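Taking it in order: structure first as structure tokens, then the write-up.
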Amino acid sequence: MTTVRWFGALALVAFVAPAVSAQPDVKPGPEHEMLKKAEGTWTLVMKAGGMEHKGTTVYTMGLGGLWLTSSMECDLGPAGKFTGKGMDSYDAGKKKFVSYWFDSMSTTPMAFEGTYDKEKKALTLTGDGPGPDGKPAKWKSVTTYPDADTMTFSMYVGDGKEPMFVIEYKRKK
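Position 97 of the sequence shown, counting from 1, maps to 80 under the working numbering, and the rest follow consecutively.
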């Protein structure tokens, strides 16, 4: 039995090693450098439903400089504490930015992809996720970067012309 295990392990190594060494050396590009500019701690004010909610988000570049991770905490008043985690990168194969969001209000992650407009200083992403009614919905986010210490994030659901909510971020100094 031990001989069979060793043979299986050797066969696996022989099969996997060439595939691993044949993979391209992935390195961060200029798009990752753009994402990296968000590193740090940010205060936020979320405007939704005529109310304002305050919180913080911490951004960290990781995984070899390829992914910007975020951790958000926000007080929603009577609704309680809201927490979320995000992962953002640039997919060189798709030539698109990609974003994944997970939060304390859903067990379904949201996946987005899109492009950055240098003239407008705006990152526009679209994707799918649970809607306000819990059913699958189309989503669009637009993040603008007026300066190095300010971001504005607007989230639209369906074909909405007005954002469902807007978050103003200010870099904590």
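Glycine included, C-beta positions come from ideal geometry on N, C-alpha and C. Keep in mind it's a predicted model, so treat the numbers as computed, not measured.
Taking the straight line between their C-alpha atoms, what separation do you get for Lys78 and Thr91? 25 Å
Who does Val9 pair with in a DSSP beta bridge? In the DSSP output, where bridge partners are listed per residue, Val9 has none listed.
For Leu18, does the three-state DSSP call read helix, strand or coil? helix
By DSSP, does Pro146 sit in helix, in strand, or in coil? coil
According to DSSP, is Pro119 helix, strand or coil? strand
Pop quiz: Leu18 and Asp100 are said to be a contact at Cβ under 8 Å. What is the actual Cβ separation, rounded to whole angstroms? The pair is not a contact, with the Cβ atoms about 15 Å apart (cut-off 8 Å).
For Asp61, name the three-state secondary structure that DSSP assigns. Looking at the sequence provided, one finds Pro at residue 61 rather than Asp. Here Pro61 sits in helix by DSSP.
Residue of Ser137, Met88 and Lys156 minimising C-alpha distance to Ala31: Ser137
For Thr24, is the classification buried or exposed, using 16 other Cβ atoms within 10 angstroms of its Cβ as the cut-off for buried? exposed
Would DSSP call Leu46 helix, strand or coil? coil
When you compare only the Cα positions, how much space is there between Pro146 and Cys57? 19 Å
Is Ser124 helix, strand or coil by DSSP? strand
Rounded to a whole number of angstroms, what is the C-alpha to C-alpha distance between Gly47 and Tyr73? 13 Å
Grab me the residues of Thr52's own chain with a C-beta within less than 6 Å of its C-beta, minus the 5 sequence neighbours each way, in chain order. Thr43, Gly45 and Met70
How would you label Gly110, buried or exposed, when you count the other beta carbons within 10 angstroms and need 16 or more for buried? buried
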